[in-house]
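Here the structure is laid out as structure tokens; the discussion comes afterwards.
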Amino acid sequence: MNSTRNALNIMIIICVCLSWGCTDGAQKRESEEIETHTIELSSLFPSSSSPCVLSTRASNTKSSLHVTHRHGTCSALTSDKDTSPDHANILRLDQARVNSIHSKLSKKLTDRVRQSKSTALPAKDGSTFGSGNYVVSVGIGTPKRDLSLIFDTGSDLTWIQCEPCVQTCYSQKEPIFNPSKSSSYYNVSCSSAACSSLSSATGNSGSCSGSTCVYGIQYGDQSFSVGFLAKEKFTLASSNVFDGVYFGCGENNQGLFTGVAGLLGLGRDKLSFPSQTATTYNKIFSYCLPSSARYTGHLTFGTAGISRSVKFTPISTITDGTSFYGLDIVGITVGGQKLAIPSTVFSTPGALIDSGTVITRLPPRAYAALKTAFKAKMSQYPSASGVSILDTCFDLTGLKTVTVPKVAFSFSGGAVVELGSTGVLYALKMSQVCLAFAGNSDDNNAAIFGNVQQQTLEVVYDGAGGRVGRGFTEGAQERESGKVDYHTLQLSSLSPSSSCVHSSKEYDTKSSVRVVHKHGACSPFRSGKAVKLDHADILRRDQARVDSIHSKLSNNLEHRLTQTNINDIPVKDESKGKGDLGSGSYIATIGIGTPKHNQPLIVDTGSDLTWTKCMQCGRHIKNCDSKNKLNPSSSTSFNTVSYTSRVCRDLISADIQRHCSAPRCCYGIKYTDDSSSDGFLANEKFTITSADVFDGIHFGCSENDAKINNKTAGVLGLSRHVLSFPSQTATTYNNIFSYCLPSSGRTGYLNFGSTGISKSAKFTPIITLPDMPYLYGLDIVGITVGGKKLDIPSTVLSNPRAIIDSGTVITRLPPKAYAALRSAFKKKMRNYTTTSGVKLLDTCYDPKGFDTMAVPKVSFSFGGGTDVELGLNGILYQVDASHVCLAFAGNEKDDEVAIFGSVQQMTLQVVYDKAGGRIGFAQNGCS
């Protein structure tokens, strides 16, 4: 093998996780860690009516092309009349391709190419076409014609159909290329070096028609192309134009290419496209295959977007397979357990990676071990009959999700590649979902790493280093001495949704109410147009709330409440002692009064008193409009509370200013963002649902509510205080409630009582904080980033303790704990471009040019042995298109309490059980 062919690298980094559900990568932990994917089965059968989602990488990189699935929604070749792919036919063609590859690699000379006359189709055992699922569009000629080409790392010669068709041309979507209409087209002489190179590129020597070089290639499925070798201008983008690219201009073409114009050869021969553009791209290209028919992937030439942090595996030499990219597989892991496969099982036949083979093929003994281990992990699912080459299938009829063991491949040089969920299963129909691997028929046949397994990876072919690199960056599921866990984040999911998706759980129980994000698509305040959030203001208000909490927990008495004149809004110390409303992102609607008036209230576990705006505004009339007002005079169940009552005295313990205007009990709260509520204490009928109605609930009837968002009606107090709503309804709900906080495009729910709590919830004891006994205290004992527990001394987390709070947006950590988290996170994310921080968020990234980010998983360990893995939305906070930030911040002082905020709670069901003295977390409780 010459030096040109040796100078090839393959790297694998993480790519677009186009069709994974939000629960993908969920893990079951028992006596040992078992790695699994939890797959929403609907994702395996994408709707043909779904709109096409374009790859931002292909759109934003000048040397990048969109990759589409030939039969997918995004394909220009797809018509409304197209039917679903014939899986049996796809698998049959796939086997034909594999047979062709194995024959090429055979040492038996009788299996090699048979030469034929120039006037006949050059015959050989067959090149490696197969089903040709992935298509790109390339500009050819002057003026350029955009033509759809199947791209293929197992082929070298690029060719297209040309006019005139001297014998047969198959049907294609675009008009057939006419070389006579291109000013940059030239035929190649049969005496040229390029013509002599056809033997290595096609397996057939070039022949002559007059003085013009003729090529011919036949594939394993008996498809073929015959025509003239020519030179033409190829255009990838306006700034990436190449003159004189050798290609085949086919005038006699037949087979299963229907729809496309031809083939783009990406093999290792000198006639391949990467070799011909080596002076510009240095034989480097990469791709992400779309894992769903409704998305595009990308094929990128050059180094644009490729991470610098890569692991390599030495190049393996595939006998006689000069066009193939060889790999050295050294092991396979299923569900975290490495299979007992002798090294010679892989090393004897060798292996290669191929964009055109659909199903990964393994040596018989290796496949048998994989199949056995996989079936053992899938024993809870009924088996189904096999189809074609797939013999391990399951009937998943009636299920919404399936939990499958993770599968990882180890390569020489220490590179470990964990497959995405779409790389493990191949779905024909709900009653026939199969393991996406097959065994070779012979121990000596090479293993082939196919495109199903590549779908959630970015594969990078680098011809500059003289080695085959197959590596993950640390930001892309690297496995070294320990296990490193990553989420694959589709960046489009961070953008606010314009449509509302309702949670099914909000309707499951009689005591459940809908929770929405105040500015989201499901908000009752939405006027039709999407609201652009002022993140700087949100973060400013969030810091004000945190400052208030820290002040409340301070032992410094000068920061405590002070009494004020009855004629003023009661205030606390202006610098430290105010209430802590903050941004108030989450809203639940509660019925108040008779007849009931639906009031949208901010859900707040850090507030004691529930209050709502009332009519008959007082002295701040200009700040107290009529929207979302309760009119006490119109309710037959409304009663005021006497200033001499025990309930009025309870205001003091709730840190609420009490002032009296006999005979009513008056209250006042001023928040750290200068908003306030001032009114009188009352009791009223509260309606959760038609079946859950409560008489005589004590609440604040606010007559003056300065600077409170005029769309929200007030606050629903959910703390541990006697005046909180859970405490007042304890005889019915036993001081238990739970919630799922939604993202902006969804609804969540707030559920009272034990009904609807996930069985998977894990509990940690509630810690009582001496200065604020009504907050929900937690005992954080550890933090894990990417599977590695951070080295944080126990005293760093135990001295200030922690609370969980629905109203704080960003989780706050002690300075040393945050420094450790930030350092570990930045190390795992070093392949992404950093950018300036925003307010309290100091670790931010600019994701432009990426469809996805590979984000290390973050887990919190709490007292009682409870481990909580955060969802993706709990790790990153998107400020704008160029600022995606780590969603944590450090406290200013070591002795300030840590706060587990609402961003980190979004994908968790959080259970508050005051009666049982515990707080629970269910990682999949919201799905």
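Going by mature numbering (1 follows the signal peptide of the UniProt record, and there is no 0), the letters in the sequence shown line up with residues -25 to -1, 1 to 902, in that order. Heads up, the beta-carbon is just placed ideally off N, CA and C, and yes, glycines get one too.
| Check | Outcome |
| --- | --- |
| Just to confirm, is the Cβ distance from G178 to Y190 under 8 Å? | no |
| Using the C-alpha atoms, what's the distance from R776 back to A829? | 31 Å |
| State the DSSP-derived secondary structure class of E7, mapped to helix, strand or coil. | Low confidence applies here, because E7 scores a pLDDT of 37, under 50, leaving its location unreliable and the question unanswered by this model. |
| To the nearest angstrom, report how far apart F800 and V760 are at their CA atoms. | 7 Å |
| On the premise that I785 lies in contact with A864, defined as a C-beta separation below 8 Å, what is that separation, rounded to the nearest angstrom? | 5 Å |
| With DSSP as the reference, label R87 as helix, strand or coil. | Residue placement at R87 is flagged as unreliable, the pLDDT there being 32, under the threshold of 50; the coordinate-derived value follows with that caveat. Of the three classes helix, strand and coil, the one that applies to R87 here is coil, per DSSP. |
| Beta-carbon separation of G568 and K660 under 8 Å? | yes |
| Counting pairs of beta carbons, one from the region 419 to 439 and one from the region 347 to 354, are three or more of them closer than 8 Å? | no |
| Rounding to the nearest angstrom, what Cα-Cα distance links C475 and Y262 in this structure? | 33 Å |
| How is I334 classed by DSSP in three states: helix, strand or coil? | coil |
| Report the three-state DSSP secondary structure of A829 (helix, strand or coil). | strand |
| Thinking C-alpha only, which one of V886, S214, G373, L204 is nearest C165? | L204 |
| Just the C-alpha distance for C641 and I562, rounded to the nearest angstrom, thanks. | 25 Å |
| What is the rounded straight-line gap between the Cα of L371 and the Cα of P357? | 7 Å |
| Per DSSP, residue 910 forms a beta bridge with which residues? | Given a span of -25 to 902 for the chain in the structure shown, any question on residue 910 remains unanswerable. |
| With 8 Å as the threshold, decide whether the Cβ of V309 is near any Cβ in chain D. | This model lacks chain D altogether; it includes just one protein chain. |
| Pick helix, strand or coil for V476, following the three-state DSSP scheme. | strand |
| Could you give the DSSP three-state label for G373: helix, strand or coil? | coil |
| Just to confirm the assignment, what range does the beta strand (DSSP E) spanning A383 have? | 382 to 386 |
| Using C-beta distances below 6 Å, list every residue in its chain close to G900, excluding the 5 sequence neighbours before and after it, in chain order. | S733, Q884 |
| Could you say which of L753, V622, I65 lies nearest to A402 if we only look at CA atoms? | I65 |
| Consult DSSP for D69 and reduce its assignment to one of helix, strand or coil. | helix |
| Measuring alpha carbon to alpha carbon, tell me which of I115, E15, M881 ends up nearest A236. | I115 |
| Would a C-beta distance cut-off of 8 Å place F674 and T587 closer than the cut-off? | yes |
| Pull up the distance between the alpha-carbon of residue 903 and that of C819, whole angstroms please. | Only positions -25 to 902 of the chain appear in the structure, and residue 903 is not among them; the question remains open. |
| So who's on the other strand from Q229, going by DSSP bridges? | F199 |
| What are the start and end residues of the alpha helix (DSSP H) that includes N415? | Counting along the chain, N415 falls outside any alpha helix (DSSP H), and DSSP gives it neither H nor E. |
| Short of 7 Å in beta carbon distance, which residues of its chain neighbour K206, apart from the five on each side in sequence? Order them along the chain. | Y161, V163, G219, V220, Y221 |
| With a threshold of 16 other CB atoms inside 10 Å of the CB of G446, please say whether the residue is buried or exposed. | Residue confidence is low: G446 scores 38 on pLDDT, short of 50, so the model does not pin down where it sits. Its coordinate-derived value is still stated next. That one is buried. |
| Can you tell me whether DSSP reads K763 as helix, strand or coil? | strand |
| Can you tell me which of G752, I758, R805 puts its alpha carbon nearest to the alpha carbon of I874? | G752 |
| How about V73 and I304: do their beta carbons lie closer than 8 Å? | no |
| So, using beta-carbon positions, are V111 and L40 closer together than 8 Å? | yes |
| Apply the 10 Å Cβ neighbour rule to K823 and answer buried if 16 or more other Cβ atoms are within range, or exposed otherwise. | exposed |
| If you drop the 5 nearest sequence neighbours on each side, which residues of the same chain put their C-beta closer than 7 Å to that of G892? | P740, I741 |
| Taking contact to mean at least 3 C-beta pairs separated by less than 8 Å, is the region 303 to 321 in contact with the region 334 to 348? | yes |
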